[in-house]
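Heads up: the sequence shown begins at 3 in my numbering, then just goes up one per residue.
Cβ coordinates follow ideal geometry from the N, Cα and C atoms, glycine included.
Single-structure report; data block below.
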Amino acid sequence: RDSSAETASPRGGTGEEGASSARQGQQRQAQPGPPTAAAVMPLPMVPPPPPPQVIMNPYEVSLVPEQQGHYPVSLAEAGTMITFDSIQKLSLVIIGACLLCYCAVSPRTLPVVQYNLRFNENMRIAALATIGPILTFLSVFDAATNDVNEAIGTFYASFTVGYVGAFALEVLVTTALRLAVFALWEPAIFDLTPEVPTVVLPWVLREHKYRPKRITLFAADFATSCVAAPIVEEWMKLKIVQLCVRLPRNFQRCTKKNGNSKKGKKRKKNKLRLEPIPRKPGEQDVTNINPYVTQMLVASLGLKLCDATRRILMYTKRTDADKSFYAFFRGVLPIHELCGTMTALELAKRDVLGVEMPTWRMLLPAVVIHGMANFKGLKPIFKWNSSTPWSELQLSPWNAADDSTLSQIVTKGFAKFMWWVVLGRVLGYCIKNYYLIGRRAVKLTTTYAGKRAAFSAELVAHDQLKKRKKD
């Protein structure tokens, strides 16, 4: 025991000495003393600030990362985000087309089995008209900048309300224009009243065996088919887009109030001017105009497919030849798509670049091309008959019998070839200006940020140089 009690402690002394030194150290720590650097109370820890939430344009990306979720960046991902409401709209369109196919079977007195076979044939023919529009939509639609449900809503509104509204409005305008032309050049037509109501008179001349002069018919048909109908249809497309979707923009139309006028002078009306939209911190300007082109395209496809389906199903008699050929190329004919794209580009110039432009100037290029197409044979919406489909397409089947001479074939072929050249140039114009407006929008937000006057001056100078090159 004595030897174990005298064993050295870890501090170098005996066990008793180690215990006493430990007690002294505890007493020293318990005694208060002057504060040292290590004894100073540390400052409370401030948590680091959260990362800034970048608020972008809602048409470019979602507002904040928490709300963004899985934003579609491809067409396949956008297809998975189609809502039940959009599926309902597409289903109603398909069901309506199927009902029209069932009612378009000719003759109606066929046995049930043959009737159903003709019904299936009508659905197959009508489906051919959708191939061209679907491919056009897929080539233009950008899932990263568009909402597929908004596109479906615009298409549905154009297919239903837009088509019915355009048809009714064209009938009213055509009635007024025909009455005006008859009153100016052939007032003898009004001798049929009051037996025939004045409002119905322009539509029942054939039933009453009245044949107006050729110049009267040409003037009335040109005014209605080549002027009024294109204006109504292009205006309807624009209004459908403006009512169905809110497009991203950099400028908005504001009313500029004029000051009090002096005595003896007339007070001027308030003018609408384009003013830049104020942005929140971190919010970016619009530089991508794909939503404009996409929305105007689906509005154009809605009118086109509804009209094409109706005309194709009126060309289902047993004596009608080459029905599939007509249906396919009726869907491929890109008049409505090109006109809608031209209007979308003009709208983007106004709302994205801030170019002052009235509505009539915005619709003018599309109305001119649409009027030329109607003059070449494309029928407006209010013309119900579809007995001469090849005049609309400016293209006939390759196996169709033709008794034309060589000179007539050359003349017809050259006219058709030049028309397709015009359409090709319009397509090139749309592609060129689509990328040009996008580059100018980027310039406006970078090089010319806050320098709208300098940007407008550059646009004017560019237009003048373009005109001089043409001269």
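| Asked | Found |
| --- | --- |
| Would you mind stating whether Lys211 and Glu188 have Cβ atoms separated by less than 8 angstroms? | no |
| Helix, strand or coil for Phe143? Go by DSSP, reduced to three states. | coil |
| Is the separation between the beta-carbon of Asn124 and that of Leu315 shorter than 8 angstroms? | yes |
| Taking Ile475 as the reference, give the member of Phe331, Glu197, Ala221 with the closest Cα. | Absent from the model: residue 475. The displayed extent of the chain is 3 to 473, so no value can be given. |
| Under a three-way DSSP split, which group does Gln286 fall into? | coil |
| Are the Cβ atoms of Glu339 and Leu397 separated by less than 8 angstroms? | no |
| Hey, quick one: how far does the alpha helix (DSSP H) through Pro336 stretch, first residue to last? | Taken as a continuous stretch (DSSP letters only), Pro336 belongs to no alpha helix (DSSP H), as it is neither H nor E. |
| The alpha helix (DSSP H) that contains Arg320, what's its start and end? | Per DSSP, Arg320 belongs to no alpha helix (DSSP H) and is neither H nor E. |
| Exposed or buried, which one is Gln90 when buried takes at least 16 other CB atoms within 10 Å? | exposed |
| What are the boundary residues of the beta strand (DSSP E) that Leu274 is part of? | 273-278 |
| What alpha helix (DSSP H) runs, 4 residues minimum, are completely inside the region 115-173? | 133-142, 150-159 |
| Please work out which residues of its chain come closer than 8 angstroms, Cβ to Cβ, to Thr85, disregarding the five sequence neighbours upstream and downstream, and give them in chain order. | Asn151 |
| Less than 8 angstroms between the beta carbons of Leu347 and Cys432, yes or no? | yes |
| So what does DSSP say about Arg110, is it helix, strand or coil? | coil |
| Between Phe327 and the rest of its own chain, which residues show a CB-CB distance below 6 angstroms, the 5 nearest in sequence each way excluded? | Pro399 |
| For the putative contact between Ile242 and Ser160, defined by C-beta atoms under 8 angstroms, what is the C-beta separation to the nearest angstrom? | 5 angstroms |
| Just the Cα atoms here: how many angstroms apart are Cys341 and Thr226? | 18 angstroms |
| So, at 8 angstroms on beta carbons, what are the nonlocal neighbours of Leu467 in its own chain, with the 5 sequence-adjacent residues on each side left out? | none |
| Note down, in chain order, each residue of its chain lying with its Cβ closer than 6 angstroms to the Cβ of Gly155, except the 5 sequence neighbours on either side. | Cys246 |
| Between Pro283, Ala146, Phe157, which lies nearest to Ser88 when the distance is taken from Cα to Cα? | Phe157 |
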